[in-house]
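S.K.: In this text, residue positions in the first sequence follow the working numbering: the first is 1, and each later residue adds one.
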Amino acid sequence: MSDLLAQLNPQQVAAVTLPPQHALILAGAGSGKTRVLTTRIAWLISTGQASPHAVLAVTFTNKAAKEMLTRLSAMLPLQFGAARGLWVGTFHGLCNRMLRLHHREAALPAAFPILDMADQLSAIKRLLKNLGVDDEKFPPRELAYFINAHKEQGIRAAQAEGYDDYTQRRIELYAEYEAQCQREGVADFAELLLRCYELLSRNEPLRRHYQARFCHILVDEFQDTNALQYRWLKLLAGVDVPAPGASLFAVGDDDQSIYAFRGAEVGNMRAFEREFRVENVIRLEQNYRSFGNILDAANALIQHNQARLGKNLWTDAGAGEPIRVFAGFSDLDEAHYVVDEARALIREGTPPRQIALLYRSNAQSRVLEHQLFTAGVPYRVHGGLRFFDRQEVKHALAYLRLIVNPDDDTAFVRVVNFPARGIGSRSFEALQGAAHRANSSLYNAAAGLPGKAGVAVGNFIRLIEALRAETQGVSLPEVIEHLIERSGLRAHYLGEKEGRERLENLDELVSAATRFLQEEDDTLVNPAEGDALSAFLAHASLEAGEHQAGEGQDAVQLMTVHAAKGLEFDAVFITGLEQGLFPHENSELERDGLEEERRLMYVAITRARQRLYLTHAQTRLLHGQTRYCLPSRFIEELPEALLQPVGHAAAPATYGNPYASGASAGRQESAGGAERAAPEAPGGFRIGQNVHHAKFGAGVIVSAEGHGADARVQVNFGKQGMKWLALAYAKLTAV
DNA sequence: CGCCTATCCTTTTTT
DNA sequence: AGGATAGGCG
Numbered sequence: 001m002s003d004l005l006a007q008l009n010p011q012q013v014a015a016v017t018l019p020p021q022h023a024l025i026l027a028g029a030g031s032g033k034t035r036v037l038t039t040r041i042a043w044l045i046s047t048g049q050a051s052p053h054a055v056l057a058v059t060f061t062n063k064a065a066k067e068m069l070t071r072l073s074a075m076l077p078l079q080f081g082a083a084r085g086l087w088v089g090t091f092h093g094l095c096n097r098m099l100r101l102h103h104r105e106a107a108l109p110a111a112f113p114i115l116d117m118a119d120q121l122s123a124i125k126r127l128l129k130n131l132g133v134d135d136e137k138f139p140p141r142e143l144a145y146f147i148n149a150h151k152e153q154g155i156r157a158a159q160a161e162g163y164d165d166y167t168q169r170r171i172e173l174y175a176e177y178e179a180q181c182q183r184e185g186v187a188d189f190a191e192l193l194l195r196c197y198e199l200l201s202r203n204e205p206l207r208r209h210y211q212a213r214f215c216h217i218l219v220d221e222f223q224d225t226n227a228l229q230y231r232w233l234k235l236l237a238g239v240d241v242p243a244p245g246a247s248l249f250a251v252g253d254d255d256q257s258i259y260a261f262r263g264a265e266v267g268n269m270r271a272f273e274r275e276f277r278v279e280n281v282i283r284l285e286q287n288y289r290s291f292g293n294i295l296d297a298a299n300a301l302i303q304h305n306q307a308r309l310g311k312n313l314w315t316d317a318g319a320g321e322p323i324r325v326f327a328g329f330s331d332l333d334e335a336h337y338v339v340d341e342a343r344a345l346i347r348e349g350t351p352p353r354q355i356a357l358l359y360r361s362n363a364q365s366r367v368l369e370h371q372l373f374t375a376g377v378p379y380r381v382h383g384g385l386r387f388f389d390r391q392e393v394k395h396a397l398a399y400l401r402l403i404v405n406p407d408d409d410t411a412f413v414r415v416v417n418f419p420a421r422g423i424g425s426r427s428f429e430a431l432q433g434a435a436h437r438a439n440s441s442l443y444n445a446a447a448g449l450p451g452k453a454g455v456a457v458g459n460f461i462r463l464i465e466a467l468r469a470e471t472q473g474v475s476l477p478e479v480i481e482h483l484i485e486r487s488g489l490r491a492h493y494l495g496e497k498e499g500r501e502r503l504e505n506l507d508e509l510v511s512a513a514t515r516f517l518q519e520e521d522d523t524l525v526n527p528a529e530g531d532a533l534s535a536f537l538a539h540a541s542l543e544a545g546e547h548q549a550g551e552g553q554d555a556v557q558l559m560t561v562h563a564a565k566g567l568e569f570d571a572v573f574i575t576g577l578e579q580g581l582f583p584h585e586n587s588e589l590e591r592d593g594l595e596e597e598r599r600l601m602y603v604a605i606t607r608a609r610q611r612l613y614l615t616h617a618q619t620r621l622l623h624g625q626t627r628y629c630l631p632s633r634f635i636e637e638l639p640e641a642l643l644q645p646v647g648h649a650a651a652p653a654t655y656g657n658p659y660a661s662g663a664s665a666g667r668q669e670s671a672g673g674a675e676r677a678a679p680e681a682p683g684g685f686r687i688g689q690n691v692h693h694a695k696f697g698a699g700v701i702v703s704a705e706g707h708g709a710d711a712r713v714q715v716n717f718g719k720q721g722m723k724w725l726a727l728a729y730a731k732l733t734a735v
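Structure representation (structure tokens):
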């Protein structure tokens with residue numbers, strides 16, 4: 001047990017061995033956060049202070065949960081090896097589990113399906129159609145966002161407030177949506193949390209049961225919790241009714257809060273300190289990941305933020321290399337440099353997988369991918385379509401859902417005519433009308449449907465019935481295998497020219513089911529709850545499936561900065577460091593948007609172990625238009641002593657118009673292809689021209705519109721942001 | 001019913 | 001530009 005602590009520094013030991021009271025661990029990037037969390041659990045259990053049964057550990061991603069379990073099973077002595085009874089999972093996973101255990105009390109069917117985002121969207125579309133609501137006026141996507149945002153605040157339609165007609169109407173639709181979900185016995189992601197919260201808050205015996213059981217609650221990435229998640233934790237920890245021993249151990253880093261845009265509230269950390277009367281705040285500031293220069297840069301950058309709890313990373317690893325800064329003439333030029341440099345690193349012995357190319361938005365990956373592909377460098381792009389989101393997989397799962405629960409309208413709609421079986425929009429509308437009138441599920445209404453539609457739909461119903469009968473008592477992978485054949489899915493994709501990959505994915509789904517059963521068998525997470533079918537369906541909804549092509553391959557890693565959180569690499573390139581891109585221009589519209597962007601940059605910088613590159617381009621093709629860009633203010637916020645300009649030998653500190661000088665134009669040609677004249681802007685100005693404004697200072701003309709007296713130009717003023725100026729009024733001078 | 005074109009919309013994303 | 005999706009036409 002003492003060897004658990006042997007390799008920890010004093011702060012880490014202090015955190016791990018805190019008495020069971022509420023505690024806040026401010027864990028900086030690379031300070032061994034996950035390690036502290038897992039060691040804490042292992043320590044509690046192996047010292048006999050807690051039975052595994054009493055531990056609840058919450059993470060944000062399945063990946064993190066899995067990682068924690070893996071590390072735990074390595075740490076715990078054999079007698080705890082199985083760690084049975086330990087609850088480790090995501091907020092959604094844990095809520096799902098409670099809801100299934102107490103589905104009756106939660107007013108849900110035993111095998112309630114979980115709607116993922118796509119399902120939710122189609123459920124909303126169906127609702128709007130049924131109600132005859134104009135989906136132009138109420139875009140389903142926007143409505144979904146509205147509903148989810150309310151649920152994440154813990155607000156039901158009945159409690160929602162709206163002060164204008166439009167909001168009022170949306171609240172009515174929210175209520176209708178709630179009713180539809182309840183009728184169909186389904187729950188979307190946000191519903192899992194809200195329903196579970198309501199279950200615990202309304203059902204006192206149940207609440208007391210869990211409060212008494214979970215004496216130790218541990219939360220990872222606490223800065224990413226939203227309002228509802230925080231309230232859920234409060235309820236479970238029983239802050240208002242302190243049960244003896246119940247303690248909340250929260251680990252987080254306010255400087256790495258990058259999910260405010262989807263409802264995360266950093267303020268929860270302060271609220272936690274206050275409302276839980278936290279006496280133990282421990283800072284983990286020693287960084288084991290990066291060299292000094294990288295940390296100095298990160299520290300200097302984040303100090304520009306006002307709202308911080310305060311923390312400073314340090315290392316005893318030495319300064320290391322300077323941070324390389326590269327200015328490209330164009331995005332292509334930038335990509336060229338990045339790929340050349342990556343190749344050089346690989347040649348010198350850096351494993352490709354230890355090189356990360358980061359960017360602010362996904363659209364930026366294209367140029368990089370192209371260069372990598374041309375250069376023949378293996379690479380892997382993270383993000384993108386997830387396994388369980390693929391249409392062929394969703395189709396197969398929809399059949400599975402119908403076997404489990406025929407009243408699942410979402411699943412019904414998806415496959416009633418897929419593969420095509422003669423049920424067109426006509427027949428379907430007839431069915432929908434019948435179901436609406438009878439206030440029943442589509443499946444139920446199908447029985448009495450007259451005419452040609454009735455025959456076709458009847459055939460479909462018989463197919464599902466047959467499937468259910470034939471798969472009675474058959475193992476899960478075999479059920480799936482059988483349904484792929486019987487439904488005609490395989491035949492359909494066999495006949496499709498792009499169908500081969502889809503067929504492979506269907507086979508992979510069978511393997512996924514097999515793996516699921518195996519894991520469930522010896523896992524710590526899921527002691528048999530309900531039947532395998534619905535458990536697998538929940539798994540498919542909650543776990544997107546990180547199965548991606550080329551996973552095992554040693555390749556350069558491409559991803560957004562968001563996706564890079566929690567990872568580390570020997571060499572990191574932060575690309576597209578330009579005003580308007582990173583920080584993103586849309587962040588100006590958001591409250592504290594710039595500070596969140598800066599935290600994002602902080603996350604990006606702290607991913608690097610040895611070498612860090614910051615690159616930007618003067619010209620970038622965006623939305624099919626050339627944009628003229630100034631270097632990101634985040635570069636200027638770093639101490640110059642840490643930076644080393646590289647590339648194009650004499651890259652100037654302040655960047656001129658690439659079209660203005662002959663030398664640049666020549667390079668432009670070689671990098672970007674055909675030479676073009678700079679596009680005209682009205683009033684004698686040119687796009688890309690450097691200008692000066694009395695109030696905003698130096699800027700670059702980015703685009704223009706209108707003629708004569710109406711002429712306006714868009715100017716990028718760097719720190720001052722992007723402005724539209726009417727040439728007739730603005731006092732612009734050419735520089 | 002299915003294929004084709006027109007139109008829309010592009011920050012980040014997990015569950 | 002580019003891709004995804006929706007609606008219209010054959």
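Glycine residues also receive a C-beta, built at the ideal position from the N, C-alpha and C atoms.
Going by alpha carbons, who is nearest to Ala154 out of Leu194, Arg500, Val16?
M.R.: Looking at the sequence shown, residue 154 is not Ala but Gly. Considering only alpha carbons, the answer is Leu194.
S.K.: Which residue comes first and which comes last in the alpha helix (DSSP H) that contains His209?
M.R.: 204-213
S.K.: Give the C-beta separation of Arg231 and Tyr259 to the nearest angstrom, bearing in mind that I take them to be a contact with Cβ-Cβ under 8 Å.
M.R.: 18 Å between Cβ atoms; not a contact.
S.K.: Quick one: what's got a C-beta closer than 7 Å to Gln371's C-beta in the same chain, skipping five residues either side?
M.R.: Ala335, His336, Val339
S.K.: Quick one: give me the first and last residue of the beta strand (DSSP E) that His616 is part of.
M.R.: Looking at the DSSP string, the run of the beta strand (DSSP E) that includes His616 is 608-617.
S.K.: If you check the beta carbons only, do Val747 and Ala342 fall under 8 Å apart?
M.R.: What is shown of the chain runs 1 to 735, which leaves residue 747 out entirely.
S.K.: Can you tell me whether Gln354 is buried or exposed, with buried defined as 16 or more other CB within 10 angstroms of its CB?
M.R.: buried
S.K.: Nearest-angstrom Cα distance between Leu69 and Gln11?
M.R.: 23 Å
S.K.: Going by alpha carbons, who is nearest to Asp3 out of Gly28, Ala29, Pro19, Ala42?
M.R.: The option with the nearest alpha carbon to Asp3 is Ala42.
S.K.: Is it buried or exposed, Ala15, if we count other Cβ atoms within 10 angstroms and call 16 or more buried?
M.R.: buried
S.K.: Could you give the DSSP three-state label for Gln625: helix, strand or coil?
M.R.: strand
S.K.: Might you give, ordered along the chain, the residues of its own chain that have their beta carbon closer than 6 Å to the beta carbon of Leu542, omitting 5 neighbours on each side?
M.R.: His92, Gly93
S.K.: Count the C-beta pairs between the region 569-577 and the region 612-631 that are closer than 8 Å, then say yes if the count reaches three, no if not.
M.R.: yes
S.K.: Rounded to the nearest angstrom, what separates Cys181 and Asn439 at their Cα positions?
M.R.: 13 Å
S.K.: Mind checking whether Tyr177 and Leu127 have CB atoms under 8 Å apart?
M.R.: yes
S.K.: Would Arg414 and His395 qualify as a contact pair, given that the criterion is a beta-carbon distance under 8 Å?
M.R.: yes
S.K.: Note the first and the last residue of the continuous alpha helix (DSSP H) segment covering Leu127.
M.R.: 117-131
S.K.: Nearest-angstrom Cα distance between Asp134 and Pro140?
M.R.: Whole-angstrom Cα-Cα distance: 10 Å.
S.K.: Could you tell me which residues DSSP pairs with Gln557 in its beta bridges?
M.R.: Ala356, Arg380
S.K.: Please go through the same chain and pick out, in chain order, the residues whose beta-carbon is closer than 8 Å to the beta-carbon of Ser122, but skip the five residues on each side of it.
M.R.: If the five residues before and after Ser122 are omitted, its C-beta is found closer than 8 Å to the C-beta atoms of Thr410, Val413, Arg414, all from its own chain and listed in chain order.
S.K.: Determine the closest residue to Cys629 out of Ile124, Leu533, Leu5, Thr619, with distance taken between C-alpha atoms.
M.R.: Thr619
S.K.: At which residues does the alpha helix (DSSP H) containing Asp340 begin and terminate?
M.R.: 331-347
S.K.: With distances taken between CB atoms, is the gap from Ser569 to Arg360 smaller than 8 Å?
M.R.: It is worth fixing the name first, because residue 569 is Phe in this sequence and not Ser. In this structure, Arg360 does not lie closer than 8 Å to Phe569 by Cβ.
S.K.: Measuring straight from C-alpha to C-alpha, what distance separates Asp316 and Asp296?
M.R.: 12 Å
S.K.: Going by beta-carbon coordinates alone, are Pro20 and Cys215 separated by less than 8 Å?
M.R.: yes
S.K.: Report the residue from Glu470, Phe418, Ala445 whose alpha carbon sits nearest the alpha carbon of Leu429.
M.R.: In the sequence as displayed, the identity of residue 429 is Glu instead of Leu. Nearest of Glu470, Phe418, Ala445 to Glu429, Cα basis: Ala445.
S.K.: Any heavy atom of the ligand MG closer than 7 Å to the CB of Ala375?
M.R.: Of the ligands one can find in the structure shown there are none, so the ligand MG has no counterpart to examine.
S.K.: Does the separation of the CB atoms of Ala398 and Ser427 fall below 8 Å?
M.R.: no
S.K.: What's the gap between the Cα of Gln303 and the Cα of Leu309?
M.R.: Here the alpha carbon of Gln303 sits roughly 11 Å from the alpha carbon of Leu309.
S.K.: Taking the straight line between their C-alpha atoms, what separation do you get for Leu322 and Phe291?
M.R.: The sequence shown places Pro at residue 322, rather than the Leu named in the question. If I take the Cα positions, the gap works out to 10 Å.
S.K.: Sort Glu585, Phe387, Ile464, His382 by Cα distance to Met559 and report the nearest one.
M.R.: His382
S.K.: Would you decide whether Asp224 is buried or exposed? Buried here means 16 or more other CB atoms lie within 10 Å of its CB.
M.R.: By the 10 Å Cβ count, Asp224 comes out buried.
S.K.: Using the three-state DSSP reduction, which class does His692 fall into: helix, strand or coil?
M.R.: strand
S.K.: Which two residues bound the contiguous alpha helix (DSSP H) that contains Asp409?
M.R.: Here the alpha helix (DSSP H) through Asp409 covers 409-415.
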